[in-house]
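Participant:
Residue numbers (the numbering used here), protein chains in the order written: chain A, 10 to 499; chain B, 399 to 673.
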């Protein structure tokens, strides 16, 4: 193999230097992979049902299949080389594949995207191997612990940088309507993730019906506004309060349940709320949903081109030209603030007795009882507070959409929110952010790829779970350290 | 016995599981400032006694009276967490139950939950920065440090409790129970799985608690070496029934005990006598 001859790129892994696979074996392995994938690609990618003038035809897509199989063949070779300790060739190969994906005139945008990502994956994988090997040889420690330390140090900087980025996002040149819309969506899920994190991540109560509280919040605002003309700012706390109340109602019957049983009951509760909303037609208008929900105002200033008689609108008050973007940006900042409040609250309550009791309850309920912690109140408070933030997010959802219907609150929503929490790493705030961006933002951004969107969603989940089974960021920071706690006293 | 009621008085305690009689009419006292040991062969009902005392089981029959600050508490009527919180009964477990993913220090802070909850206005006031929570937390850390020093875990205060060795986890569990400032500490086989050196350290720790902290200790033990060395009083159970009760000397020479433990041969007598 070419990699053996060059001195500078000689073996990275000390023990694998001498056991090189012969080229034949490498080609055989890669060939086998290509054949297997070909067998899968032909039925899944090779045929497409096309609609022409009401009639359906079966189209073949031979180029896509061949290109994909070729990519897999090459990728496999490079991965074997990385495994065998060679670096330069895979990196160069990965770069070439990425470049082809970016610039070559391939008929399908999807293949382009796949080629580009595949090349990157190979490069990252090679870099990862080198990094891990170097760290292991220099410190004798496992890769993971070094990563944990580095992460812990970098976290405050990373968090501040992200917040600054979030604040200036609408002012950036790429802060156009579509980007901000996606950002609002991602932030909504981040907030829901942080809310659910209290229940699942901290208190360890697997809640599959979280969307019920989201629905309660949304409908609280929608109904209060349409029946009593309450404004958004009055309804926001009320929505949180109602949702928290429902959290306690749900909490009572499930107090004695754990694990799978708890999950099933919460799942049922989530569906119950949806079915009630669907069938209580006289109150909720059933499947038609509630429309005409008032938009939020900026301290009484509305976002309308022509405000009602005797009132001023936002653009008039500030002497701006009317732009529909104003309201979108305002909504963006609103959800940003709501999400940051959720985050701040969670981080603070973790250092308070109730937060520590939640985490202790997650670890061992029987030990908690033996320490005089009331498990009933502790669990109910977790349910109520988690639900409250779901309610806030629901009220925001209602005001953003201007329309709510039971269809927005299906089990899939609960599953997505839970997936964000689990994939991010239970209890990790930053993990929720990353998982929400990956799971919600990315598929939304590549909406052009239509049918591949959900595929990417699923693939993302599988990849994260196989790469980091305990979630992206599973390190837990202690809420108190002896040195720091005593440093304060002296 | 003096006129004052003992720290813990167990009267006619019985526990049935369906048709199985796990404990049968057991009565004994445990005094403040003493180590009371409950011993007996496997399946004699020792742990069941503990579970009744700490509220994990509701006894079928019996009265369990705990004196704390001159207030009597009827343990058989209390929920488990109130027995710990109000009656001041702390316990450790046969199969250690620490909070493995929380740090050692956090384990000890969680044990002071009730005090801290009150100081922080049930967390609500402290959330908005009102009240004396900072001070209470400092005191909690000070108490935790005191016990960390006693159990030799100061250096590892900020590590995950789950990363400690088995022996260290046992010590941590005792320290955690003591951080509740209990009136009675119940230890379920504290020496199980410890090597002789660790068992020696455990004896010193229990002796220290008895000497310096005016509380009662109740321990279940298999290891006769631990029991005979440090106990002031031994209660022997067999098939859920009390067969002997007295000082280690008395129990050691009690024929019923020897029969229960070793059968009736003569050489067995010598073995127990020399233990």
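In this text, a Cβ means the ideal position worked out from N, Cα and C, and glycines have one as well.
These numbers come from a predicted model, not from an experiment.
Is residue 400 (chain A) near residue 222 (chain A), with beta carbons less than 8 angstroms apart?
Facilitator: The answer is yes: Cβ separation under 8 angstroms.
Participant: With a cut-off of 8 angstroms on the beta carbons, I'd call residue 525 (chain B) and residue 448 (chain A) a contact; round off their distance for me.
Facilitator: No, residue 525 (chain B) and residue 448 (chain A) are not in contact; Cβ-Cβ is about 31 angstroms, not under 8 angstroms.
Participant: What's the C-alpha gap between residue 153 (chain A) and residue 479 (chain A)?
Facilitator: Reliability of the predicted coordinates at residue 153 (chain A) is poor, the pLDDT of 48 falling under 50, and no value is obtained from them.
Participant: Around the Cβ of residue 574 (chain B), are there at least 16 other Cβ atoms within 10 angstroms (buried) or fewer (exposed)?
Facilitator: Buried, since its Cβ has 16 or more Cβ neighbours within 10 Å.
Participant: Would you say residue 372 (chain A) lies against chain B (beta-carbon separation less than 8 angstroms)?
Facilitator: Yes - at least one Cβ of chain B is within 8 angstroms of the one on residue 372 (chain A).
Participant: In this structure, how does DSSP classify residue 153 (chain A) when only helix, strand and coil are distinguished?
Facilitator: Here the model assigns residue 153 (chain A) a pLDDT of 48, short of 50, so the residue's position is not dependable and the matter cannot be decided.
Participant: Using a Cβ-Cβ cut-off of 8 angstroms (strictly less than) and excluding sequence neighbours within five positions of residue 476 (chain B), which residues of its own chain qualify?
Facilitator: Within the same chain, residue 476 (chain B) has close Cβ partners 453, 484, 485.
Participant: Taking all protein chains shown into account, decide if residue 444 (chain B) is buried (16 or more other Cβ within 10 angstroms of its Cβ) or exposed.
Facilitator: Counting Cβ neighbours within 10 Å, residue 444 (chain B) comes out buried, since at least 16 surround it.
Participant: Looking at C-alpha atoms only, which residue of B:639, B:658, B:630 is the closest neighbour of residue 648 (chain B)?
Facilitator: The option with the nearest alpha carbon to residue 648 (chain B) is B:630.
Participant: Going by the beta-carbon positions, is the gap between residue 381 (chain A) and residue 542 (chain B) smaller than 8 angstroms?
Facilitator: No, the Cβ-Cβ distance between residue 381 (chain A) and residue 542 (chain B) is not below 8 angstroms.
Participant: Just to check my reading of the structure: residue 502 (chain B) and residue 551 (chain B) have Cβ atoms closer than 8 angstroms, yes? What is that Cβ distance to the nearest angstrom?
Facilitator: Confirmed, about 6 angstroms.
Participant: Would you report the Cα separation of residue 251 (chain A) and residue 196 (chain A), rounded to the nearest angstrom?
Facilitator: Rounded to the nearest angstrom, the two C-alpha atoms are 22 angstroms apart.
Participant: Between the segment 496-512 of chain B and chain A, which residues of the former have a C-beta closer than 9 angstroms to a C-beta of the latter?
Facilitator: Within the segment 496-512 of chain B, the qualifying residues are 496, 497, 498, 499, 500, 501, 502, 503, 504, 505, 507, 508, 509, 510, 511, 512.
Participant: Can you pull the chain B neighbours of residue 34 (chain A), defined as C-beta to C-beta under 7 angstroms?
Facilitator: Residues of chain B passing the Cβ test: none, with the nearest at roughly 42 angstroms.
Participant: Along chain A, in chain order, which residues have C-beta atoms closer than 7 angstroms to that of residue 464 (chain B)?
Facilitator: Residues of chain A passing the Cβ test: none, with the nearest at roughly 14 angstroms.
Participant: How far does the beta strand (DSSP E) with residue 488 (chain B) in it extend, from its first residue to its last?
Facilitator: 487-489 is the span of the beta strand (DSSP E), which, as asked, contains residue 488 (chain B).
Participant: Leaving out the 5 sequence neighbours to the left and right, which residues in its chain are closer than 8 angstroms to residue 539 (chain B) when beta-carbon positions are compared?
Facilitator: Taken in chain order, the residues that qualify are 503, 507.
Participant: Using 8 angstroms for Cβ pairs, my map puts residue 407 (chain A) next to residue 192 (chain A). What's the rounded Cβ distance?
Facilitator: Contact flag wrong, Cβ pair sits at about 19 angstroms.
Participant: Using only the alpha-carbon positions, how far apart do residue 189 (chain A) and residue 536 (chain B) sit?
Facilitator: Rounded to the nearest angstrom, the two C-alpha atoms are 45 angstroms apart.
Participant: Roughly how many angstroms separate the alpha carbons of residue 496 (chain B) and residue 570 (chain B), rounded to a whole number?
Facilitator: Taking the straight line from one Cα to the other gives about 8 angstroms.
Participant: Using 8 angstroms as the limit for Cβ to Cβ distance, is residue 445 (chain B) near chain A?
Facilitator: Not one chain A Cβ lies under 8 angstroms of residue 445 (chain B).
Participant: Suppose the cutoff is 7 angstroms on Cβ atoms and the five residues either side in sequence are ignored; what does the same chain contact list for residue 225 (chain A) look like?
Facilitator: For residue 225 (chain A), where only same-chain residues beyond five positions count, the Cβ hits under 7 angstroms are 251, 252, 255, 282, 400, 403.
Participant: Quick check on the DSSP output: the beta strand (DSSP E) that includes residue 195 (chain A) runs from which residue to which?
Facilitator: Here residue 195 (chain A) belongs to no beta strand (DSSP E); instead the alpha helix (DSSP H) covers 186-206.
Participant: Roughly how many angstroms lie between the CA atoms of residue 407 (chain B) and residue 607 (chain B), to the nearest whole one?
Facilitator: Approximately 21 angstroms between the Cα atoms of the pair.
Participant: Give the residues from the segment 549-571 of chain B that approach chain A closer than 7 angstroms (Cβ to any Cβ), ordered along the chain.
Facilitator: The residues in question are 555, 556.
Participant: Can you give the beta carbon distance from residue 580 (chain B) to residue 618 (chain B), rounded, assuming they're within the 8 angstroms contact cut?
Facilitator: Residue 580 (chain B) to residue 618 (chain B), Cβ: 16 angstroms. No contact.
Participant: Would you kindly work out how many angstroms separate the C-alpha atoms of residue 632 (chain B) and residue 473 (chain A), rounded to a whole number?
Facilitator: So the alpha carbons of these two residues sit roughly 57 angstroms apart.
Participant: Which same chain residues, not among the five before or five after residue 409 (chain B), have their C-beta less than 8 angstroms away from its C-beta?
Facilitator: Taken in chain order, the residues that qualify are 425, 460, 461, 462, 463.
Participant: If I measure Cβ to Cβ from residue 74 (chain A) and keep anything under 8 angstroms in the same chain, skipping five residues before and after, which residues do I get?
Facilitator: Here the set comprises 47, 50, 51, 54, 55.
Participant: Below 8 angstroms, can you find three or more Cβ-Cβ pairs linking the segment 231-248 of chain A to the segment 298-305 of chain A?
Facilitator: They touch, by the three-pair rule.
Participant: Check this for me: beta carbons of residue 84 (chain A) and residue 120 (chain A), under 8 angstroms apart or not?
Facilitator: For residue 84 (chain A) and residue 120 (chain A), no; Cβs fall outside 8 angstroms.
Participant: By Cβ distance below 7 angstroms, which residues in the same chain neighbour residue 247 (chain A) in space, the five residues on each side in sequence not counted?
Facilitator: For residue 247 (chain A), where only same-chain residues beyond five positions count, the Cβ hits under 7 angstroms are 229, 233.
Participant: Using only CA atoms, which one of A:369, A:385, A:306 lies nearest to residue 340 (chain A)?
Facilitator: Of the candidates A:369, A:385, A:306, the one whose C-alpha sits nearest the C-alpha of residue 340 (chain A) is A:306.
Participant: Does DSSP put residue 566 (chain B) in a helix, a strand or coil?
Facilitator: If DSSP states are grouped into helix, strand and coil, residue 566 (chain B) belongs with the helices.
Participant: Would you say the segment 379-395 of chain A touches the segment 202-216 of chain A, given that touching needs at least three Cβ pairs under 8 angstroms?
Facilitator: The answer is yes - the segment 202-216 of chain A touches the segment 379-395 of chain A, with three or more Cβ pairs under 8 angstroms.
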